[in-house]
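Student: Okay, here's the structure, questions in a sec.
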């Protein structure tokens, strides 16, 4: 189905078209959102909000990118806003000095490579982590990432490179795994 | 090994290992679609939808199944208890005596206590009709008569939700869940694809709606009141 035809059908109020749009995109959106937040309830809530906003704003979509990329951009925006709100709430509710760290520092001894890698990814700055998750984990191209995040392709590549460099530093103790 | 070769090997190693980072569960497609539809419907009506849960829900989703079941038992208990006291309900002011009666007719009659009882009786009858619809949907598929009945029951469900007699939060939750399900069924047609019916089935299973509904229906004839 041509993208423009599908959008026209959705804007005309055709419920089957709405479901088609949803089914074509929900898996990829949910997967990325889940990777970003690591919680099923939050991922469901953000994915729901992303699609509600997608349908609300579909009339403003100008086709500069693929529809799927546009929806991804909306989802990332929803996640960022939600996570910032959550951070503000948590900072009011919890004495941060005594709070459990959200991400375990890579400096602590972690016998398990998997856990150390997860901690290192959690420790990445938000932008680096998003680019890394989109490209290396979920397979988005730099063009898609650029469109979704509103950055140049070159910036996406640079951020990915910096993310990988940081992760490599965090995993230095395990260099034998890939260097041998 | 050159630095470039090491970098390439690390990048590949990282890509592989990072697949284990927060591995996503299967997408809850059906549940999400129901929630999205409900949120959009509520937005059009200018209401706050119960499906757009706050970031920190005070009422965890997993608790809903238990509390909704408890609510259904509450309705059942009230319905049976009061019907027993009043000798089967035929003398109850405003009691619905026909399965096809519109809920509003019952609510218009009788005093306050009678209206509350009439509401409860009507709700139980309504649940029985919905249960019958689900049986028809399963055995006969999404024929015109099934979807037409779903639309009628959807209207009745909304009337029950709008009634000032609805004060029980857990009964409200059950009715809201039924509203979403009926809205979904009402859009089906004989040409609906299997995955459309799967949407309904998945939603029913995920919210444990069928068992909650049946818990709300007393044993014995509902319409002979």
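Residue numbers (this note's numbering), protein chains in the order written: chain A, 1 to 180; chain B, 181 to 405. Backbone N, C-alpha and C define an ideal beta-carbon position, used for all residues, glycine too. Everything numeric in this text was worked out from a predicted model, so none of it was measured.
1) Compute the Euclidean distance between the alpha carbons of residue 304 of chain B and residue 219 of chain B, then round it to the nearest angstrom.
2) May I ask you to report which of helix, strand or coil DSSP gives residue 47 of chain A?
3) If you draw a straight line from the alpha carbon of residue 298 of chain B to that of residue 308 of chain B, how long is it in whole angstroms?
4) In terms of residue numbering, what span does the alpha helix (DSSP H) encompassing residue 193 of chain B cover?
5) Residues of chain A with CB under 8 angstroms from residue 216 of chain B, in chain order?
6) With 9 angstroms as the threshold, decide whether the Cβ of residue 194 of chain B is near any Cβ in chain A.
7) Mind checking residue 60 of chain A: buried by the 16 CB within 10 Å criterion, or exposed?
8) Consider the Cβ of residue 205 of chain B: report whether some Cβ of chain A lies at a distance smaller than 9 angstroms.
9) Figure out for me which residue from A/117, A/151, A/150 has the closest Cα to the Cα of residue 164 of chain A.
10) For a test of the three-state rule: what should DSSP assign to residue 152 of chain A, helix, strand or coil?
11) Taking only runs that begin and end inside the stretch 7-39 of chain A, name each unbroken alpha helix (DSSP H) of 4 or more residues, in chain order.
12) Quick check on residue 66 of chain A: does DSSP put it in helix, strand or coil?
13) Taking residue 157 of chain A as the query, report the chain B residues whose CB atoms sit under 8 angstroms from its CB, ordered along the chain.
14) Rounded to whole angstroms, what is the Cα-Cα separation between residue 50 of chain A and residue 213 of chain B?
15) Rounded to whole angstroms, what is the Cα-Cα separation between residue 184 of chain B and residue 113 of chain A?
16) Is the shortest distance between the beta-carbon of residue 148 of chain A and the beta-carbons of chain B less than 9 angstroms?
17) To the nearest angstrom, how far is it from the Cα of residue 193 of chain B to the Cα of residue 323 of chain B?
18) By DSSP, does residue 209 of chain B sit in helix, in strand, or in coil?
19) Using only the alpha-carbon positions, how far apart do residue 138 of chain A and residue 144 of chain A sit?
20) Below 7 angstroms CB to CB, which residues in the same chain sit around residue 162 of chain A once its five sequence neighbours on both sides are set aside?
21) Verify whether the separation of the beta carbon atoms of residue 148 of chain A and residue 134 of chain A is less than 9 angstroms.
22) In chain order, what residues of the same chain lie with their CB nearer than 7 angstroms to the CB of residue 30 of chain A, ignoring the 5 residues before and after it?
23) Using 10 angstroms around the beta-carbon of residue 196 of chain A, count the other beta-carbons present and answer buried if the total reaches 16, otherwise exposed.
24) Run the CB neighbour count on residue 173 of chain A, radius 10 Å, all protein chains shown included, and call it buried at 16 or more, exposed below.
25) In chain B, what lies closer than 7 angstroms to residue 167 of chain A by C-beta?
Tutor: Answer, in terms of the structure:
1) By 1-based counting over the second chain, the position of residue 304 of chain B is 124. By 1-based counting over the second chain, the position of residue 219 of chain B is 39. When rounded, the distance between both Cα atoms is 27 angstroms.
2) Taking the first chain and counting its residues from 1, the one referred to as residue 47 of chain A is at position 47. Residue 47 of chain A: helix per DSSP, three-state reduction.
3) Indexing the second chain from 1 puts residue 298 of chain B at position 118. Indexing the second chain from 1 puts residue 308 of chain B at position 128. Near 15 angstroms, if we compare the C-alpha coordinates of residue 308 of chain B and residue 298 of chain B.
4) Position 13 of the second chain, counting from 1, holds the residue named residue 193 of chain B. Residues 183-198.
5) For this step, residue 216 of chain B is matched to residue 36 along the second chain. Under the 8 angstroms cutoff, chain A gives 22, 48, 51, 52, 55.
6) One-based indexing of the second chain puts residue 194 of chain B at position 14. Chain A contact via Cβ: present.
7) Position 60 of the first chain, counting from 1, holds the residue named residue 60 of chain A. Answer is exposed; the Cβ neighbour count stays below 16.
8) As a working note, residue 205 of chain B is residue 25 in the second chain. So, interface residue.
9) One-based indexing of the first chain puts residue 164 of chain A at position 164. Nearest of A/117, A/151, A/150 to residue 164 of chain A, Cα basis: A/117.
10) To locate residue 152 of chain A, count along the first chain from 1; it is residue 152. The answer is coil: DSSP assigns residue 152 of chain A none of H, G, I, E or B.
11) 15-37
12) Counting from one through the first chain, the residue named residue 66 of chain A turns up at place 66. Correct three-state label for residue 66 of chain A: coil.
13) For the purposes of this step, residue 157 of chain A is taken as residue 157 along the first chain, with counting starting at 1. Ordered by position in chain B, no residue passes the 8 angstroms Cβ test against residue 157 of chain A, which lies about 12 angstroms from the chain.
14) As a first step, residue 50 of chain A is located in the first chain; it is residue number 50 there, counting from the start. As a first step, residue 213 of chain B is located in the second chain; it is residue number 33 there, counting from the start. Computed Cα separation, rounded: 12 angstroms.
15) Translated into positions along the second chain, residue 184 of chain B becomes position 4. Translated into positions along the first chain, residue 113 of chain A becomes position 113. For residue 184 of chain B and residue 113 of chain A, the distance between alpha carbons rounds to 23 angstroms.
16) Here residue 148 of chain A refers to the residue found at position 148 when the first chain is read from its first residue. No, residue 148 of chain A lies away from the interface with chain B (no Cβ there is under 9 angstroms from its Cβ).
17) For the purposes of this step, residue 193 of chain B is identified with residue 13 of the second chain, where counting begins at 1. For the purposes of this step, residue 323 of chain B is identified with residue 143 of the second chain, where counting begins at 1. Each residue's Cα considered, the two are about 54 angstroms apart.
18) Within the second chain, the letter at position 29 stands for residue 209 of chain B. Reduced to three states, the DSSP call for residue 209 of chain B is helix.
19) Within the first chain, residue 138 of chain A is the residue found at index 138, counting from 1. Within the first chain, residue 144 of chain A is the residue found at index 144, counting from 1. Each residue's alpha carbon lies about 12 angstroms from the other.
20) For the purposes of this step, residue 162 of chain A is identified with residue 162 of the first chain, where counting begins at 1. Answer for residue 162 of chain A: 128, listed in chain order.
21) Within the first chain, numbered from 1, the residue matching residue 148 of chain A stands at position 148. Within the first chain, numbered from 1, the residue matching residue 134 of chain A stands at position 134. Yes, Cβ-Cβ distance for residue 148 of chain A and residue 134 of chain A is below 9 angstroms.
22) In the first chain, counting from the first residue as 1, residue 30 of chain A sits at position 30. So the qualifying residues of the chain are 43, 47.
23) Residue 196 of chain A is absent from the model: chain A starts at 1 and stops at 180.
24) As a working mapping, residue 173 of chain A is identified with position 173 in the first chain. That one is exposed.
25) Along the first chain, one-based indexing puts residue 167 of chain A at 167. Chain B residues near residue 167 of chain A: 194.
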